[in-house]
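Below is one structure, written out as structure tokens, with a few remarks after it.
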Amino acid sequence: MDCNEARPLLDANADHELTPPQSRDVQRHIESCEACRRESEMVRAMKGAVRSANYYRAPDELRAKIMAALPPTGLAAPQGAVRDSDLRPEPRARQHKGWFDWVRLPQLPKGGGFGPLAGEGAGGTMSGGGWHTGAAWRSGLALAFCALVAAGIAVTLHRTGEPMPLVDELVASHVRAQLSGHDIDVVSTDQHTVKPWFNGKLDYAPPVEDLSASGFPLAGGRLDYVGHRRVAVLTYRHAKHVIDVYVIPEDDRAAGKPGAAIVQDGYAVARWRDDGMMWWAVTDAAPESLTALQAALTARLHGAEPGAPYSGS
1 MDCNEARPLL
11 DANADHELTP
21 PQSRDVQRHI
31 ESCEACRRES
41 EMVRAMKGAV
51 RSANYYRAPD
61 ELRAKIMAAL
71 PPTGLAAPQG
81 AVRDSDLRPE
91 PRARQHKGWF
101 DWVRLPQLPK
111 GGGFGPLAGE
121 GAGGTMSGGG
131 WHTGAAWRSG
141 LALAFCALVA
151 AGIAVTLHRT
161 GEPMPLVDEL
171 VASHVRAQLS
181 GHDIDVVSTD
191 QHTVKPWFNG
201 KLDYAPPVED
211 LSASGFPLAG
221 GRLDYVGHRR
231 VAVLTYRHAK
241 HVIDVYVIPE
251 DDRAAGKPGA
261 AIVQDGYAVA
271 RWRDDGMMWW
281 AVTDAAPESL
291 TALQAALTAR
301 LHGAEPGAPY
311 SGS
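Residues 1 to 313 (UniProt numbering) are what the sequence shown spells out, left to right.
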């Protein structure tokens, strides 16, 4: 591997995003090339500085100024402007006119009616109450279809209790962290080391508890980006499994709502509200492990001795 091949991979190598063979090749080149070694050190130093920098939340006034500077929507196009539709060729006649063209009822003869009455004029026996075309059927089926879709959406939302995009985002964050090999920013089993590490990096102070006495030793913590904001993630170990606990202020729009535990893509997800925070736990272990972790964490947050079960309401 030469410099031209190694330079584009230095960022990915610093983030542990390369495959093991790629990482070995890049590292071997860095050790033999002084210029690439300096470049790699600069990349790592910059990433470390960004991670350790204090976090400042942008004021609401800044958002208001940005929104005010944006052009209003719905303005008419300038005179003489060419519309996209004018540049597009006329589409060919489509085979189907809409979603419900599959409902192709037989066309009735003019005048409506069936059997011997078919084909009679406007004064025919069935002309006043007959079904003239399939339009009425299509309208009725369209309404029924929309009602079924709406009912299905309502049932799905009622069952999950949470928009699935948020659950997908949390599971993806957990999986991405495990695959990267860099799932912890501050490695420590001491809660008094992990908790102050978040100072200045977030606009809130997440509670941090070590649950070793309950079988969930604290491994460390990291920052992640979920729901369009930075969030604290506490990492616990349990029976060779990793449990990521996302801690978000309960009044934040990214926090979501508490509900029953679910399984998404083979990963167990639990969510609950306590101590002013919304807690989301994700793991590839059995869902029962999250139930035990929630009980242990709740007990510690309410002042119970380490390992003691929570006896509150």
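We put the beta carbon where it would ideally sit given N, CA and C, even for glycine.
Just to confirm before moving on: does the CB-CB distance between residue i and residue j stay below 8 Å?
| i | j | result |
| --- | --- | --- |
| residue 232 | residue 198 | yes |
| residue 10 | residue 52 | no |
| residue 296 | residue 180 | no |
| residue 218 | residue 191 | yes |
| residue 284 | residue 241 | yes |
| residue 290 | residue 260 | no |
| residue 265 | residue 186 | no |
Suppose you measure from the CA of residue i to the CA of residue j; what does that come to, to the nearest Å?
| i | j | result |
| --- | --- | --- |
| residue 64 | residue 200 | 24 Å |
| residue 21 | residue 1 | 12 Å |
| residue 257 | residue 227 | 13 Å |
| residue 18 | residue 188 | 26 Å |
| residue 281 | residue 269 | 6 Å |
| residue 294 | residue 208 | 13 Å |
| residue 277 | residue 248 | 6 Å |
| residue 50 | residue 68 | 30 Å |
| residue 28 | residue 45 | 20 Å |
| residue 177 | residue 43 | 20 Å |
| residue 243 | residue 195 | 17 Å |
| residue 123 | residue 72 | Any reading at residue 123 needs caution, since the residue's pLDDT is 45, under 50, leaving its predicted position unreliable; the model's value is listed next. If I take the Cα positions, the gap works out to 58 Å. |
| residue 193 | residue 184 | 13 Å |
| residue 15 | residue 204 | 26 Å |
| residue 288 | residue 48 | 37 Å |
| residue 8 | residue 298 | 47 Å |
| residue 98 | residue 173 | Any reading at residue 98 is ruled out, since the residue's pLDDT is 49, under 50, leaving its predicted position unreliable. |
Using CA atoms only, rank isn't needed, just tell me which of the options is closest to residue i.
| i | options | result |
| --- | --- | --- |
| residue 273 | 264, 265, 245 and 46 | 245 |
| residue 230 | 217, 213 and 253 | 253 |
| residue 275 | 250, 304 and 174 | 250 |
| residue 212 | 29, 8, 46 and 300 | 300 |
| residue 35 | 47, 28 and 3 | 3 |
| residue 26 | 15, 16, 6 and 303 | 6 |
| residue 182 | 304, 60 and 220 | 220 |
| residue 168 | 15, 48 and 263 | 263 |
| residue 175 | 267, 216 and 237 | 267 |
| residue 216 | 70, 62 and 292 | 292 |
Count the other C-beta atoms from every protein chain shown that fall within 10 angstroms of the C-beta of residue i, then say buried if there are 16 or more, exposed otherwise.
| i | result |
| --- | --- |
| residue 57 | exposed |
| residue 225 | exposed |
| residue 166 | buried |
| residue 13 | buried |
| residue 202 | buried |
| residue 32 | exposed |
| residue 255 | buried |
| residue 105 | Unreliable placement is indicated for residue 105, whose pLDDT of 48 sits below 50; the coordinate value is still reported in the next sentence. Exposed, since its Cβ has fewer than 16 Cβ neighbours within 10 Å. |
| residue 235 | buried |
| residue 24 | exposed |
| residue 38 | exposed |
| residue 59 | exposed |
| residue 206 | buried |
| residue 30 | buried |
| residue 94 | Its pLDDT being 47, under 50, residue 94 is placed unreliably by the model, and the measurement read from it follows with that caveat. Answer is exposed; the Cβ neighbour count stays below 16. |
Unbroken beta strand (DSSP E) runs of length 3 or more, entirely within the region 209-276: which are they?
218-226, 229-238, 241-249, 259-264 and 267-274
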